[in-house]
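Below: one structure, written as structure tokens.
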Amino acid sequence: MITHTKAVPAFAIALALLVGPLVLAQVQLIPADRRVDLLVKTRSIEQPQLSQYAVPLPAGNRLTMLPVAGNVYMVAGAPGNIAVQAGEDGVVLVNTGRADVSEWVLQAVQAVSTRQINIAVMTNPNPDHFGGNANIAATGRNPTQGQQQLGGPVRNTNQDFDAGLPAGGGGRGGLQAPGAIIFGHENALNFMSAPTGQASAYPFEFWPTSTFFTPKKTYYWNGEAIEMISEVGATTDGDIMVFFRRSDVIAAGDVINALGYPRIDVERGGSIQAELEALNDIVELTVPSYNQQGGTKVIPGYGRIYQEHDVVMYRDMMTIIRDRVQLGIEKGMTLAQIQAQRPTLDYDGLYSTPEYTGEMLVETIYRNLTAASNRTAAAR
Amino acid sequence: MRTALFLLVATVMATPAAAQVDIAGEWNRDNHEDQPHRVPGAELGDYTGMPINAAARQWAESWDASILSQPEQQARPHPAQYSMRGPGPGVRIQKIVDPVTARLIAYTIAGMFGRADRVIWMDGRPHPSEYAEHTWGGFSTGEWEDGKLKVTTTHMKMGVINRNGVPSSPKGTMVEYFIRHGTRLTLLVWIDDPVYLEEPFVRSNDFIWNPGQNVGPGAPFETVDELGDKPRGWVPSWPIGTRHTEFGEHWNLPFDATRGGAESLYPEYMKKIQEMMKAMPSKPATTSAAVP
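Chains as they are written, first to last, in my numbering: chain A, 1 to 380; chain B, 1001 to 1292.
So, in structure tokens, the structure goes:
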């Protein structure tokens, strides 16, 4: 019989054994330079931003991984950005980077999680963003596919399907590829695939395995709501952005390119007006924590982490350039005459690149606006 | 010999090894220095003495002050490139010392417009990755240099270097020297901006020790609806080709002399201004009442 007096010390020892290592682990999680940062945090409104503390990656890995907010990290240099949400349920990626850096991307994920990758979201059909789909999804597990009730290794569910094993509930009976589920817009799949008998633009293993065409698709994973918001027509007809609601992070995809002007692909359904709508959507979703700083964080398709003010500057720039081109069109100016005015001069130092110059952006907007006005005239 | 030894010891003991001159304290701005720029702000179209390039000029000419009515712009402070300049500020500089090792970890600066507080890290840490966030205060590190505190700042937000639309880019680097002479503090600012400047922009701001000063607690600004029926995403701007001529007209300066640029920083430019003035049409004398 265990008496009360004996139970208390036994309980205390057990508690210490259980909690002690956790407490020690928490202390060890704060590196020395961050411990002194606490002294500064108590004295100043200006708080050290999480992204100042890069996640150490193995030697030779040339990517950069930064904490963003909550459960979300950003892997940069792949060459685009990848958002990584890590938690108890597993790992969600927004974009997978280019195929040749998949090994580094997996190293980065393993630096913050020991769990499997369950979900990859394609923000748009840009090979810089989906090139790692095949390599990375193959290492993961689709959370919508049922697992064995009993212990033992996880089996390839497609083999189960082929073997005629019962499909179970949920999405298990679907023709899903093994590995992580890949969400994307239906138009992205249409672009990457082809009707039966025709050659597709990209092999099957790169395609999104679950698509949607509605304004929004939601999923709950790692203790937070994840919104996939359609921004169709921004840079292509397959754009979406992803909002991690509890972490308060938006992965904006190519709607924002912090290293350049947005590459609006009119041939594939992009338009300046939808690009501006998408930017305004992001501005409406973001809330700064204090005087236009902090709060909601935004991961662009490329480049540094943005906050609301950075998005506002980007939105203002695109609006002002659009207005300048529009004014030229209304005055009856030709494209060459408008380009000669240099409507992007004040932004070129920030965003013009040899691959996509301000002049090219002006041409895109001009052709988009004149085509739109021609369509409107024809409709009338 | 003894005297020499005494002097040597006294000298070594009197001066810290790194020749540090603590800048902590309450410092009030010396507003009679450049008052029109530091208090009301530079006039529209006044780019005199600024080595800005054509891109900056186009930005500034296009800038419409109504843009500050956007809800997402109403609460914006000034970036570090400008925040020590005005309006005000009366600043509190605090020294953060590790209580165990007595090592100087950082200086914090509070009191700028919109509480764009700053932290100057003194512990030798590197600047963050190019992918890290930018803030109003930027990321600053300090080191002692001949009794002056040299501060290098990166990761600043897009903002202004004058409150009349002259831009400062997030690609800029700022080097400041905090130079203390007793109860006076001189801040020499050196901004290198590859996007908007033809050559580095240098200016100084002076502060006076003011121990009775009270820097208030931080308060977040509240944004309100100032747009009325303006559509979503409304972004006002002046069209390309706009010329803000009022400043030159007001002060009887040739328009070209108000445009700034690297050449306008040097003494030789005075001759050019004189030639431009000769070419100006004579202006009838105005009474002070006629001056707005």
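Note that CB positions come from ideal geometry on N, CA and C, so glycine has one too.
Owing to the predicted nature of the structure, the values given are computational and were not obtained by experimental measurement.
Shown here for B:D1192: same chain residues with a beta carbon closer than 6 Å to its own, the five before and five after excluded, namely T1173, P1200 in chain order. If you draw a straight line from the Cα of B:E1176 to the Cα of B:R1118, it is about 13 Å long.
In the structure shown, A:I320 adopts helical secondary structure according to DSSP, grouped into three states. DSSP, read as helix, strand or coil, puts A:D281 in helix. Not one beta carbon of chain A lies nearer than 8 Å to the beta carbon of B:E1026. Judged by beta-carbon spacing, A:V36 lies beyond the 8 Å limit of B:I1093, meaning their Cβ atoms are not closer than that value. For B:W1144, not one C-beta of chain A is nearer than 8 Å to its own C-beta. Between the alpha carbons of B:F1221 and B:Q1074 lies a gap of roughly 8 Å. Scanning B:P1099, B:S1264, B:R1115 for the CA closest to the CA of B:G1216 turns up B:R1115.
Three or more beta-carbon pairs separated by less than 8 Å link the stretch 235 to 252 of chain A to the stretch 79 to 91 of chain A, which places the two stretches in contact. When C-beta atoms of the stretch 1125 to 1145 of chain B are compared with those of the stretch 266 to 281 of chain A, fewer than three pairs fall below 8 Å, so the two segments do not count as touching. A:H129: member of the alpha helix (DSSP H) spanning 127 to 130, first to last residue. The alpha carbon of B:T1141 has as its nearest neighbour, out of B:A1060, B:R1259, B:E1263, B:T1153, the alpha carbon of B:T1153. Counting along the chain, no alpha helix (DSSP H) covers B:Y1177; the unbroken beta strand (DSSP E) around it starts and ends at 1173 to 1181.
Nearest CB-CB separation between B:D1117 and chain A: below the 8 Å threshold. About 5 Å separates the beta carbon of A:I181 from that of A:S210, a gap short enough to meet the 8 Å contact definition. The residues I321, V325, L335, I338, Q339, P343, T344, in chain order, have a CB closer than 8 Å to that of A:V362 in the same chain once the five nearest residues on each side in sequence are set aside.
The residue among B:P1036, B:G1025, B:A1054 with its C-alpha nearest the C-alpha of B:L1197 is B:A1054. In chain order, I226 place their CB closer than 6 Å to the CB of A:Y219, counting only its own chain and leaving out the 5 sequence neighbours on each side. One Cα belongs to B:K1150, the other to B:P1194, and the distance between them is close to 21 Å. Remark: three or more beta-carbon pairs, one from each stretch, lie closer than 8 Å, so the stretch 119 to 130 of chain A and the stretch 178 to 195 of chain A are flagged as touching.
In summary, the residues of the stretch 73 to 95 of chain A whose CB is separated from some CB of chain B by less than 9 Å are M74, A76, G77, N81, in the order they occur in the chain.
Non-local C-beta neighbours of B:M1122 in its own chain, meaning closer than 7 Å and more than five positions away in sequence, comprise L1104, I1105, A1106, Y1107, G1142, ordered along the chain. Sequence-ordered contacts of the stretch 41 to 68 of chain A with chain B read R43, S44, I45, E46, Q49, S51, Q52, A54, T64, L66 [C-beta pairs closer than 7 Å].
Counting only residues of its own chain and dropping the five nearest sequence neighbours on each side, A:A69 has a CB closer than 6 Å to the CB of S247, D248, V249, K297. The beta-carbon distance between B:S1062 and B:W1238, rounded to whole angstroms, is 5 Å. This is short enough to meet the 8 Å contact definition. Sorting B:M1280, B:M1112, B:F1247 by C-alpha distance to the C-alpha of A:N291 places B:M1112 at the top. The continuous alpha helix (DSSP H) containing B:E1246 extends over residues 1246 to 1250. Using a 10 angstroms sphere on the CB of B:A1080, the tally of other CB atoms reaches 16 or more, which defines it as buried.
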